[in-house]
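The sequence shown maps to residues 217 to 504 in the working numbering.
C-beta: ideal position from N, C-alpha, C; glycine also.
None of these values were measured; they are calculated from a predicted model.
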Amino acid sequence: MVVEATYDRSTQDVGNILLMEHVNVFVPEQQTAINFYISALGLTRDPYMMVGQDNMWANAGKQQFHLPTRGQQVLRGHIGMEMQDMDALKARLEAAKPLLKGTQYGYTIEVDEVAVTGPWGNKFRCSQGATDGNEMPVAIRYVEFTVPIGTAPGIARFYNEIIQAPSSVIDEAAGNVAHVRMGLSQELRFRETSAELAPYDGHHIAVYLTNFSGPHAFLKERGLITEETNPYQYRFQDIIDLDTGEKLFEIEHEVRSATHPMFQRPLINRNTAQSLQNYQFGRDAIVL
Ligand SMILES: [Fe+2]
Numbered sequence: 217m218v219v220e221a222t223y224d225r226s227t228q229d230v231g232n233i234l235l236m237e238h239v240n241v242f243v244p245e246q247q248t249a250i251n252f253y254i255s256a257l258g259l260t261r262d263p264y265m266m267v268g269q270d271n272m273w274a275n276a277g278k279q280q281f282h283l284p285t286r287g288q289q290v291l292r293g294h295i296g297m298e299m300q301d302m303d304a305l306k307a308r309l310e311a312a313k314p315l316l317k318g319t320q321y322g323y324t325i326e327v328d329e330v331a332v333t334g335p336w337g338n339k340f341r342c343s344q345g346a347t348d349g350n351e352m353p354v355a356i357r358y359v360e361f362t363v364p365i366g367t368a369p370g371i372a373r374f375y376n377e378i379i380q381a382p383s384s385v386i387d388e389a390a391g392n393v394a395h396v397r398m399g400l401s402q403e404l405r406f407r408e409t410s411a412e413l414a415p416y417d418g419h420h421i422a423v424y425l426t427n428f429s430g431p432h433a434f435l436k437e438r439g440l441i442t443e444e445t446n447p448y449q450y451r452f453q454d455i456i457d458l459d460t461g462e463k464l465f466e467i468e469h470e471v472r473s474a475t476h477p478m479f480q481r482p483l484i485n486r487n488t489a490q491s492l493q494n495y496q497f498g499r500d501a502i503v504l
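So, in structure tokens, the structure goes:
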């Protein structure tokens with residue numbers, strides 16, 4: 217019996233990046249960071265790691281923000297977030313206004329998204345989270361960087377051939393965007409712009425790779441490894457043109473193997489629907 221193919225199996229291929237786990241931006245002081253990431257966005261402070269005033273990890277589903285109290289970093293682009301309940305998010309954003317007065321904080325409600333600017337200028341776009349599959353209703357779904365005109369094809373090629381993450385360039389109305397597939401449903405995006413780009417200030421992303429040594433061998437041969445952290449982690453930050461070696465964009469990648477002790481570490485996420493007025497016993501955590 218011949219069974220007709222009815223599915224495009226390639227749509228389920230994950231590629232080499234298993235997960236983008238965190239985005240790391242320095243913050244100048246923690247109280248304002250708590251007001252924004254915990255009170256306004258509704259994320260959950262990691263109760264186990266970095267519990268002092270010198271650093272805070274804020275859980276967003278299976279992802280995190282790492283927020284060392286060490287200065288001020290602003291991601292050149294924006295972070296795509298999914299939220300458990302958009303109406304509740306809007307209420308929290310409004311309630312946080314007095315807490316974040318005098319900072320760059322603000323937000324704009326759009327049709328299906330809310331655009332949020334953090335207290336030091338980081339930008340977020342929030343939309344309704346998934347409630348099915350094995351994804352959390354809260355997530356860092358993508359990170360989008362703005363890059364110079366003409367660099368998107370070379371960036372996509374670098375991720376395809378060196379990182380081995382499925383990548384393609386889509387010609388969108390506003391210009392070329394390189395899309396890099398990560399994990400089950402995450403993306404890195406590199407959007408070309410003619411606008412002037414801010415200098416790179418050292419913020420970073422952390423990713424887990426299946427083939428950990430392959431990209432390392434290429435990057436090491438070209439002197440692009442910036443840190444040999446430990447057996448499970450290295451860093452690089454230059455994305456290069458594979459023909460010319462020219463730097464196309466700079467973003468530090470904290471690269472981890474799937475054998476890293478923290479891979480798929482369970483992260484605590486609170487159910488933001490809980491309140492004194494509407495408390496439901498046993499529903500404190502978001503669980504899948
Ligand atoms: Fe990190």
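Using CA atoms only, rank isn't needed, just tell me which of the options is closest to residue i.
i, options, result
"Ile295", "Gln449, Asn376, Arg341", "Arg341"
"Arg486", "Lys278, Asn338, Asn240, Arg225", "Lys278"
"Gln453", "Gly498, Thr445, Lys463, Pro447", "Lys463"
"Ile250", "Gln300, Arg357, Met236, Phe281", "Phe281"
"Thr539", "Lys306, Gln288, Val239", "With the chain running from 217 to 504 in the structure shown, residue 539 is simply not present."
"Gly461", "Ile254, Glu443, Phe434, Glu245", "Phe434"
"Ala411", "Ala390, Arg286, Ile455, Ile356", "Ala390"
"Gly337", "Val243, Thr475, Gly268, Tyr450", "Val243"
"Asp348", "Ala311, Gln300, His432", "Gln300"
"Ser245", "Gln289, Val354, Tyr264", "Reading off the sequence, residue 245 comes out as Glu, not Ser. If we check each option's Cα against that of Glu245, Gln289 comes out closest."
"His419", "Met398, Arg451, Thr333, Glu298", "Arg451"
"His476", "Ile386, Asn446, Phe497", "Asn446"
"Phe252", "Thr227, Gly498, Leu283", "Leu283"
"Gly287", "Met302, Glu298, Asn271, Gly293", "Asn271"
"Met297", "Phe497, Thr227, Asp262, Leu404", "Leu404"
"Val239", "Leu492, Ile386, Gly293, Val267", "Gly293"
Give the straight-line distance between the Cα atoms of residue i and residue j, rounded to the nearest whole angstrom.
i, j, result
"Asp328", "Gly439", "44 Å"
"Ala304", "Ser473", "37 Å"
"Ala422", "Met217", "47 Å"
"Asn232", "Leu400", "11 Å"
"Tyr500", "Gln490", "A quick correction: the sequence has Asp, not Tyr, at residue 500. Asp500 and Gln490: Cα-Cα distance of roughly 7 Å."
"Pro415", "Glu466", "9 Å"
"Val359", "Glu237", "11 Å"
"Leu309", "Ser255", "8 Å"
"Lys436", "Ile325", "45 Å"
"Ala274", "Val219", "48 Å"
"Gly430", "Ile441", "13 Å"
"Gln188", "Leu235", "Residue 188 lies beyond the range of the chain shown here (217 to 504); nothing can be said about it."
"Tyr424", "Val471", "6 Å"
"Leu257", "Ala331", "12 Å"
"Pro512", "Val241", "This structure leaves residue 512 out entirely; the chain is present only between 217 and 504."
"Ala346", "Tyr448", "31 Å"
Can you tell me whether residue i is buried or exposed? The criterion is at least 16 other CB atoms within 10 Å of its CB, across all chains shown.
i, result
"Thr260", "buried"
"Asn494", "exposed"
"Met507", "Residue 507 cannot be examined here, being either before or after the span of the chain that is shown, 217 to 504."
"Gln247", "exposed"
"Ala394", "buried"
"Tyr223", "exposed"
"Val503", "exposed"
"Phe406", "buried"
"Met417", "In the sequence on display, residue 417 carries Asp and not Met. Flag for Asp417 reads exposed."
"Asn392", "buried"
"Ala276", "buried"
"Tyr264", "exposed"
"Arg357", "buried"
"Ala311", "exposed"
"Ala355", "buried"
"Arg481", "exposed"
"Phe428", "buried"
"Arg225", "exposed"
"Phe497", "exposed"
"Leu291", "buried"
"Thr362", "buried"
Skipping 5 residues on each side, what residues in its chain have a beta carbon closer than 7 Å to that of residue i?
i, result
"Arg373", "Leu458"
"Glu388", "none"
"Ser384", "Ala372, His395"
In its own chain, which residues sit with a C-beta less than 6 Å from the C-beta of residue i, not counting the 5 before and 5 after it?
i, result
"Ile455", "Ile371, Phe374, Leu464, Phe465"
"Gln344", "Met302"
Residues in the same chain with beta-carbon distance under 8 Å from residue i, minus the five sequence neighbours each way, listed in chain order, please.
i, result
"Gln269", "Gln246, Thr285"
"Lys313", "Tyr321"
"Asp262", "Met272, Trp273, Ala274, Asn275, Gln280, Leu483, Ile484"
Cβ contact check for the region 357–377 and the region 309–326: 3 or more pairs under 8 Å: By the criterion of at least three beta-carbon pairs nearer than 8 Å, the region 357–377 is not in contact with the region 309–326.
Would you call the region 376–393 in contact with the region 222–237, where contact means no fewer than 3 C-beta pairs closer than 8 Å? yes
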